[in-house]
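Visitor: Position 135, counted from 1, in the sequence shown is what the numbering used here calls 143; the numbers after and before it change by one each time, with no gaps. Below are the structure tokens for one structure; questions will follow.
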Amino acid sequence: MQYAKITTKQRRYTLISITITMMFCLTTFLGADDVGGAGQDSAAGAGQAAEPTAVRAGQDSAAGAGAAFAYLSNKQQRILARDGRLLAFGTRETPISLMPPLESTQAIRSRVVASPVISEILLFVPGNGTKDLTSSETRLALYNMLRSPSTMKGIEYYSASRKEMRTLFTDSYAIESPDTRRSIPDPAVQEVPTQDSLYFLQRDLTFGRNVYQANYYADDDSLRVDIINHATVGMGIIPVIMPEKMRMTIVIQPFEDALLVYGVVYTDPILTLGMQERIQRSLSNRLKAIAEWAVAETKPLL
Numbered sequence: 009m010q011y012a013k014i015t016t017k018q019r020r021y022t023l024i025s026i027t028i029t030m031m032f033c034l035t036t037f038l039g040a041d042d043v044g045g046a047g048q049d050s051a052a053g054a055g056q057a058a059e060p061t062a063v064r065a066g067q068d069s070a071a072g073a074g075a076a077f078a079y080l081s082n083k084q085q086r087i088l089a090r091d092g093r094l095l096a097f098g099t100r101e102t103p104i105s106l107m108p109p110l111e112s113t114q115a116i117r118s119r120v121v122a123s124p125v126i127s128e129i130l131l132f133v134p135g136n137g138t139k140d141l142t143s144s145e146t147r148l149a150l151y152n153m154l155r156s157p158s159t160m161k162g163i164e165y166y167s168a169s170r171k172e173m174r175t176l177f178t179d180s181y182a183i184e185s186p187d188t189r190r191s192i193p194d195p196a197v198q199e200v201p202t203q204d205s206l207y208f209l210q211r212d213l214t215f216g217r218n219v220y221q222a223n224y225y226a227d228d229d230s231l232r233v234d235i236i237n238h239a240t241v242g243m244g245i246i247p248v249i250m251p252e253k254m255r256m257t258i259v260i261q262p263f264e265d266a267l268l269v270y271g272v273v274y275t276d277p278i279l280t281l282g283m284q285e286r287i288q289r290s291l292s293n294r295l296k297a298i299a300e301w302a303v304a305e306t307k308p309l310l
């Protein structure tokens, strides 16, 4: 399989980034509707990227350009250029559609496509043109950002059912081990290792207090973190996901003047009558909130 490598040719799309940035500014000025509810996103159908309501401003010109986006359909490229993000849902019967063809994503692809519940998100983050985002300094900052679970505390998501913003994580911090659960500072590093791991604890309004294992991977093309539930996850007293059956992956692919951020949550929940849709919605909200947290945390680094 031909993997997408960060080559000199791929990095020469500054004009594309500028064009897309101008599109973002126009969409924002005209009042794009950025709705985070999973119920609205799912209207596009399983395995298809959702198309939020927005003003049509003739942004097609740059959508199909750029080797980094060549694996997307023309429609997906237009939406990404216009809105800066794509959302999609999948199952074992429907293909995933947003995963970049990178070496790091191929390592998880088979597990993802075998899962009965899948949600994906893809975000394009333009730089400000003042620094090379593929530099070792920026890569280290991005890597340490992914290793900062304490900064997830207080992040919010939009609840379509309640029509309001809600706090996702009321607590979030790195821990010494799953046994002691003793909090420790975010474990920053001085250089990017090819592989590492840590544990962290989060308390959220849907799944309660849980320990997660985060496994980190780095190669020439991207940075990746796989987040896995350490113990059974429940809704109240009802167990819904067994240990290591809820997985979320965030991948950051740096270019000289932009970042591509991909996220996917994939799980095999216990068959719980009448709760499948709620689980899907909760996991989708979690994915969007964490992916957008990652984007927000990268802004000072750009």
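From the three backbone atoms N, C-alpha and C, an ideal C-beta is built for every residue, glycine too. None of these values were measured; they are calculated from a predicted model.
Use the C-beta contact count for residue 1: other C-beta atoms within 10 angstroms, 16 or more gives buried, fewer gives exposed.
Guide: The structure shown does not extend to residue 1, since the chain spans only 9 to 310, so no value can be given for it.
Visitor: For residue 256, report the span of its beta strand (DSSP E) as first-last.
Guide: As a working mapping, residue 256 is identified with position 248 in the sequence shown. Element bounds for residue 256: 254-262.
Visitor: Tell me which same chain residues have a C-beta within less than 8 Å of the C-beta of residue 4, skipping the five on either side of it?
Guide: Outside the displayed span of the chain (9 to 310) sits residue 4, for which this structure offers no information.
Visitor: Sort 232, 220, 230 by Cα distance to residue 239 and report the nearest one.
Guide: Start at 1 with the first residue of the sequence shown, and residue 239 comes out as number 231. The shortest Cα separation from residue 239 among 232, 220, 230 belongs to 220.
Visitor: Count the C-beta pairs between the stretch 136-149 and the stretch 88-108 that are closer than 8 Å, then say yes if the count reaches three, no if not.
Guide: No contact exists between the stretch 136-149 and the stretch 88-108.
Visitor: Looking only at DSSP bridge pairs, what is residue 99 linked to?
Guide: Counting from one through the sequence shown, the residue named residue 99 turns up at place 91. Note: residue 99 sits in a beta bridge opposite 102.
Visitor: What is the C-beta distance between residue 291 and residue 271, in whole angstroms, given that I count them as a contact (C-beta under 8 Å)?
Guide: Against the sequence shown, residue 291 aligns to sequence position 283. Against the sequence shown, residue 271 aligns to sequence position 263. Going by Cβ atoms, the distance from residue 291 to residue 271 rounds to 11 Å, so no, they are not a contact pair.
Visitor: Would you mind sorting residue 98 into buried or exposed? The rule is 16 or more other CB atoms within 10 Å of its CB.
Guide: Position 90 of the sequence shown, counted from the start, is the residue given in the question as residue 98. Counting Cβ neighbours within 10 Å, residue 98 comes out buried, since at least 16 surround it.
Visitor: Pick helix, strand or coil for residue 199, following the three-state DSSP scheme.
Guide: Position 191 of the sequence shown holds residue 199. Correct three-state label for residue 199: coil.
Visitor: How big is the Cα-Cα spacing for residue 6 and residue 230?
Guide: Shown here, the chain extends from 9 to 310; a query on residue 6 therefore has no answer.
Visitor: Kindly indicate the opening and closing residues of the alpha helix (DSSP H) around residue 146.
Guide: Here residue 146 is taken as the residue at index 138 of the sequence shown, counted from 1. Residue 146 -> alpha helix (DSSP H) spans 144-154.
Visitor: Whole angstroms are fine: how far does the CA of residue 303 sit from the CA of residue 260?
Guide: The residue given as residue 260 occupies position 252 in the sequence shown. The residue given as residue 303 occupies position 295 in the sequence shown. Straight-line Cα distance between these residues: approximately 10 Å.
Visitor: Out of 310, 289, 307, which has the shortest C-alpha to C-alpha gap to residue 167?
Guide: For the purposes of this step, residue 167 is taken as the residue at position 159 of the sequence shown. When only C-alpha atoms are compared, the closest one is 289.
Visitor: Look at the alpha carbon of residue 72 and the alpha carbon of residue 110, and state the distance between them as a whole number of angstroms.
Guide: Here residue 72 refers to the residue found at position 64 of the sequence shown. Here residue 110 refers to the residue found at position 102 of the sequence shown. With a pLDDT of 31 at residue 72, under the threshold of 50, the modelled position of this residue cannot be trusted; read the value that follows with caution. Roughly 19 Å separates the two Cα atoms.
Visitor: On the three-state DSSP scale, how would you describe residue 247?
Guide: Taking the sequence shown and counting its residues from 1, one reaches residue 247 at position 239. Strand at residue 247.
Visitor: Can you give the Cα-Cα distance for residue 216 and residue 249, rounded to whole angstroms?
Guide: Translated into the one-based positions of the sequence shown, residue 216 becomes position 208. Translated into the one-based positions of the sequence shown, residue 249 becomes position 241. Answer to the nearest angstrom: the Cα atoms are 13 Å apart.
Visitor: Taking 8 Å as the threshold (C-beta atoms), are residue 208 and residue 157 in contact?
Guide: As a first step, residue 157 must be located in the sequence shown, where it is residue number 149. As a first step, residue 208 must be located in the sequence shown, where it is residue number 200. Closer than 8 Å, so yes.
Visitor: Quick one: what does DSSP say residue 1 is sitting in, helix, strand or coil?
Guide: Absent from the structure is residue 1, since the part of the chain shown begins at 9 and ends at 310.
Visitor: Strictly by DSSP, which residues pair up with residue 123?
Guide: Indexing the sequence shown from 1 puts residue 123 at position 115. None; residue 123 has no bridge partner.
Visitor: Which term fits residue 193, buried or exposed, when burial requires 16 or more other beta carbons within 10 angstroms of its beta carbon?
Guide: The sequence position of residue 193 within the sequence shown is 185, counting from 1. Looking at its Cβ environment, which holds fewer than 16 other Cβ atoms inside 10 Å, residue 193 is exposed.
Visitor: According to DSSP, which residues form a beta bridge with residue 86?
Guide: Locating residue 86 in the sequence shown gives position 78, where the first residue counts as 1. According to DSSP, residue 86 bridges with nothing at all.
Visitor: Cα separation between residue 122 and residue 107?
Guide: On the sequence shown, residue 122 is found 114 positions in, with the first residue counted as 1. On the sequence shown, residue 107 is found 99 positions in, with the first residue counted as 1. When rounded, the distance between both Cα atoms is 15 Å.
Visitor: By Cβ distance below 8 Å, which residues in the same chain neighbour residue 197 in space, the five residues on each side in sequence not counted?
Guide: As a first step, residue 197 is located in the sequence shown; it is residue number 189 there, counting from the start. Result list for residue 197: 148, 151, 152, 155, 204, in chain order.
Visitor: So if DSSP puts residue 173 in a beta bridge, which residue, or which two residues, is it bridged to?
Guide: For the purposes of this step, residue 173 is taken as residue 165 along the sequence shown, with counting starting at 1. DSSP output for residue 173 lists 166 as bridge partner(s).
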